[in-house]
Structures are given as structure tokens and as C-alpha cells.
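Enquirer: My numbering numbers the first residue of the sequence shown as 154 and each following residue consecutively. Using N, Cα and C, we set each Cβ at its ideal position, and we do this for glycine too.
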Amino acid sequence: MTASIPQNLGVDISKDTLDVYLHPEGVAHRFGNDKKVFTALIKWLAGRTLMRIVYEPTGAYHRAFEIRLLEAGFTLAKVNPRQARRFAEAIGTNAKTDAVDAAMLARFSAMLEPRALALSSPALINDLKDLLVARRALVKDRTAAQNRAHQRSLALLKAQASDRLKQVERQIDAIDAALRERLSDDPCLKARFDILVSIPGLGEITALAMLIDMPELGALDNKCAAGLAGLAPMARDSGQWKGKRFIRGGHSELRHALFMPALVAMRFNADLKAVYERLTAAGKGPKVALVAVMRKLVILANALLRKGGPWTPITA
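#1: Consult DSSP for Gln160 and reduce its assignment to one of helix, strand or coil.
#2: Is Ala230 closer than 9 Å to Arg205 when the C-beta atoms are compared?
#3: Distance check for Ala276 and Val173, CA to CA, integer angstroms please.
#4: Taking the straight line between their C-alpha atoms, what separation do you get for Leu332 and Cys341?
#5: DSSP puts Leu229 in a beta bridge; with which residues?
#6: Beta carbon of Leu373, beta carbon of Arg345: below 9 Å?
#7: Using CA coordinates, which residue listed in Leu309, Ile352, Ala271 and Asp294 is at the minimum distance from Gln324?
#8: So what's Ala248 in DSSP terms, helix, strand or just coil?
#9: Going by DSSP, what residue range makes up the beta strand (DSSP E) through His409?
#10: Reducing DSSP to helix, strand and coil, say where Lys395 ends up.
#11: Counting Cβ pairs closer than 8 Å, one from the stretch 373–383 and one from the stretch 423–438, do we hit at least three?
#12: Where does Ile166 fall in DSSP's three states?
#13: Does Gly462 come out as helix, strand or coil in the three-state DSSP assignment?
#14: Return the first residue and the last residue of the beta strand (DSSP E) that Gly185 is part of.
#15: Can you tell me whether DSSP reads Gln299 as helix, strand or coil?
#16: Identify whether Leu258 lies in helix, strand or coil by the three-state DSSP scheme.
#17: Could you spell out where the alpha helix (DSSP H) holding Thr211 opens and where it closes?
#18: What ranges does the alpha helix (DSSP H) occupy inside the stretch 343–386, keeping only unbroken runs of at least 4 residues that lie completely in it?
#19: I'd like the list of long-range same chain contacts for Arg448, defined as Cβ closer than 8 Å, with 5 residues on each side in sequence excluded.
#20: Kindly indicate which residue of Ser315, Leu309 and Ala290 has the alpha-carbon position closest to the one of Asn300.
#21: What residues are listed by DSSP as bridge partners for Val173?
#22: Looking at the structure shown, is Ala269 part of a helix, part of a strand, or coil, going by DSSP?
#23: How far does the alpha helix (DSSP H) with Leu223 in it extend, from its first residue to its last?
#24: Is the closest heavy atom of the ligand COA to the C-beta of Leu432 under 8 Å?
#25: Output the distance between the C-alpha atoms of Leu361 and Leu443, rounded to the nearest integer angstrom.
#26: Can you tell which of Val451, Gly392 and Gln393 has the C-alpha that lies nearest to the C-alpha of Phe412?
#27: For Gln393, count neighbouring Cβ atoms within 10 angstroms of its own Cβ and tell me buried if that reaches 16, exposed if not.
#28: Distance, Cα to Cα, Leu425 vs Gly354?
#29: Which stretch, first to last residue, makes up the alpha helix (DSSP H) that contains Asp339?
#30: Would you kindly check if the distance between the Cβ of Arg268 and the Cβ of Glu406 is under 9 Å?
#31: Hey, Val428 and Ala445 are a contact pair by Cβ (cut 8 Å); roughly how many whole angstroms apart?
#32: Tell me the rounded alpha-carbon separation between Asp339 and Thr228.
#33: Mind the definition here: the stretch 246–259 touches the stretch 162–169 only if three or more C-beta pairs lie below 8 Å; say whether that holds.
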């Protein structure tokens, strides 16, 4: 009887195990976190009406599970661990074990109905994510190497710093080449990429960051897209007190990636330049106006991907 009732599956993923819990059926089980065992999990779920499978990202440990379950046709939702923890506290679940977390995630899914994961090529997205994370680390290394080179006075240390800088540059170039090569493996993803780079000021790396960090882009409404990027102003009002708005949450790495494109877009995109000038003329600070331009960039990207066409200048 319970098998016909729509179920939500919470999964707590660790290096070696998958703790799963069905809500409202109330059935728990533990599987190994191994590709061979995923078939056993799929068979265990057979005959049940499943709404979605909810889990938290765990680096490399969740990826094989994610790919296999998506291939099997299940609806997956990957939730922010901080949001899940706050939900647990809100419902009075203070204990934290793998089994408890699985049950909590199943209830989270039933009550909040998190957005389904939208990945057309999960394996490719994971590869691109690894490359992008490695590139970001190398960019930090390059900045550190440049700073050290300026501080060195001994010829030997200067030469070593210069060699390290050249090595980092070569590694960045190699990753950029790998990103372009892997992107060309998926025509659909490549078409989305071409739409994003058509926007003035949006370079290849920023476009990739938007596709990888926000694969849902193009399937969201504008407010949701801005909020997911962490660029929507949050209200802080109570009674007659009006607090200062601020941005928070979302994808911090993506916000960092959008900073320079926003500066460039203010020069070459008349609409975004008008947004910046209107806000500064109204007394808003330059940083507030720049964040508004970043938000407009995300909204523009979302609209173009939804339409499926490149950016074109507005003509009178």
C-alpha cells in the first residue's frame, strides 16, 4: 500500500556508504557507495512512486551516484548543506548522524520541494567543474607568485619566482585548452556557451562559470536567477524600521567572476551603462550600482538562454 504513495528519498552520502530514507513510508537502508551497488539501490526503489531524490554535494563522493541515478531516469535535487542544516534545526533535529541526516533530507524534500537538478551531461559538467576549480586555484597561485617576485631581492629567488610564474601560466593555458576541447564534446552545451559569449563584456571563462555553477540558467524566472547568483538585495525591515539592503548567499565564485565583465559591460553595453549612470545619479554608491549591473548581466544571460538566441544590440 505504501509503495503507491509518492515517496521522497533522502540520501546521506559518505566515502563508503549511502544511507537512504523513504518519507513518508519511513523505511531506511544502507548501501555501499560503489557503482556496482547502485544497481541494487535502483532495484530496491522499483515499484515505488518516487517524487525526488535529495542529497547534499560531497565533492567526488556524490558524482558517480548522481550520474547513475540521472541515467536511470530519477528526479534528483542537490541541496545546500547550510540550508539543510538550518531546516534540521527548525524541525528540532539536533542529532547528526548519517541515518538522521538521510531522514531529515527526505522530510526536507517533502516539505520544501527543492528544485530538480537540470544536467543534460552530468559527467561532462563534473569534468568542466574540476577544470574550472583547478584554474581558479592556479589564478590565486599566479597572484601569489607575482607578489613574491616583487618582494625578492636575491637573484636566485627572483629567478625561481619567475620560473614558477611561467609554470603557472603554462598550466592555466593547458586548462583553458582542455576546457575548450571538453566543451566541444556537447553540441547543446556549446550552443549555450556561444549565446553567453555573445554578450558584450562576457568572456569565455565567465561564460563557463555561469554554465557550470548555474546549470539551471535559462529555466528560471529573473528573480530566482538573481537570487541563485547571490545578487538579489535582501530586505531587513521590522515594523517601521527600514534596514539597509544587502546581498548574500548564492554562488560567491560566480559573483567574483562577474565583477570584471560588469566593468567592461558598462563601457560597451549601452543598456547596462544607462543602469549604472541612473543609479549613481540617484545617489547610490558605485559598488551598489556595479552589483546592479552584475545582476542585470545574470538576468540578461538567463533571458537569452531561455530564448535560445544570441545577444543583439537594441536599435532605435
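Expert: Concretely, from the data shown:
#1: strand
#2: yes
#3: 23 Å
#4: 15 Å
#5: Ile206
#6: no
#7: Asp294
#8: coil
#9: From DSSP, His409 is part of no beta strand (DSSP E) but of the alpha helix (DSSP H) over Ser405 to Phe421.
#10: strand
#11: no
#12: strand
#13: coil
#14: Val180 to Gly185
#15: helix
#16: helix
#17: Run containing Thr211: none; DSSP gives neither H nor E here.
#18: 357–366 and 375–381
#19: Ala379, Ala382, Leu384 and Ala385
#20: Ser315
#21: Val164 and His182
#22: coil
#23: Arg216 to Glu224
#24: The ligand COA is absent from the structure shown, which contains no ligand whatsoever.
#25: 21 Å
#26: Val451
#27: exposed
#28: 11 Å
#29: Unbroken run through Asp339: none, as it is neither H nor E.
#30: no
#31: 6 Å
#32: 22 Å
#33: yes
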